[in-house]
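Contents: one structure, followed by commentary.
Residue numbers (the working numbering): 173 to 459.
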């Protein structure tokens, strides 16, 4: 597979956010990093490690409902990133996740306040940094815990532009941060993975290139699901050329331009959105 080097994507607000995290890190008691369960390695920002390496850490694998959980568990077992750290599998649709999260937070609250209690002091609220790349669910997590719209939420990469402290309870203060991507991706496949998940704006990598990449993954991992989802009842196989697959979907969906030519661009965008939203099947891109 082609691997081109150095995809750059680092808007000014991300650089500013890194600087602000560096300034505030001494105040932080606990770091929560949210990763996309469909590509945890690709969505891990190694640059944050150097800023937060001496802090207690909790890793949340979000969007588990549309990820291949078996492959994710294999990744966690063998991952150098996760190691012995605490982690939780997360889905907005799974109510039990939040009770598990609160149990973890209470554990850290008691652990961090142990010294205060021994000194006869009252426990103090702990300050929690929530970080991750764009569109992994940071603000949604805080909003749910606070049960009010304290942090703005929108399903677009780069929506949270600044940082702010949010008091969730008498025990916890959260610092919500903008999504921060690495300043560049040395391996273009990692950038493609992040783009397929909706964490890089679509104009960074062409839809045609991303669709080609997605279709190659689908043919290897989700071919029958793909064929069933688009109701492709003709005789095709996993070796079928991607251009033919796109034309077949255009015919099935009626994606035609005014001159009766196939609307390839519309079809590519449809495939990318269906892939991202888990409609074709559950995925794991870091295999």
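The C-beta atom is built at its ideal place from N, Cα and C for all residues, glycine as well.
| Asked | Found |
| --- | --- |
| CB of residue 345 within 8 Å of CB of residue 310, strictly | no |
| Cβ separation of residue 200 and residue 273, assumed to be a contact under 8 Å, to the nearest whole Å | About 18 Å separates the two Cβ atoms, so there is no contact after all. |
| For residue 301, three-class secondary structure by DSSP | strand |
| Rounded separation between residue 449 and residue 353 - CA only | 21 Å |
| Three-way DSSP call (helix, strand, coil) for residue 239 in this model | strand |
| Cα-Cα separation between residue 295 and residue 288, rounded to whole angstroms | 6 Å |
| Close-in-space but distant-in-sequence residues of the same chain around residue 223 (CB under 7 Å, 5 per side omitted) | 193, 194, 197 |
| Residue range of the unbroken beta strand (DSSP E) whose run includes residue 202 | 202 to 208 |
| Candidates 380, 360, 355, 235, of which the one nearest residue 439 by Cα | 380 |
| Same chain only: Cβ atoms within 8 Å of residue 269, ignoring 5 sequence neighbours per side | 260, 261, 262, 263 |
| Whole-angstrom distance between residue 303 and residue 209, CA atom to CA atom | 15 Å |
| Residue 347: first and last residue of the uninterrupted beta strand (DSSP E) it sits in | 344 to 348 |
| 7 Å CB neighbourhood of residue 326 in its chain, flanking five on each side removed | Summary for residue 326: the model assigns pLDDT 47, below 50, so the residue's position carries little reliability, and this model does not support an answer. |
| Residue 231 - containing beta strand (DSSP E), residue span | 228 to 234 |
| Between the CA atoms of residue 239 and residue 347 - distance to the nearest angstrom | 27 Å |
| Own chain residues within Cβ distance below 6 Å of residue 343, not counting five before or after | 281, 297 |
| DSSP-derived helix/strand/coil call for residue 447 | helix |
| Start-to-end residues for the alpha helix (DSSP H) that takes in residue 220 | 218 to 224 |
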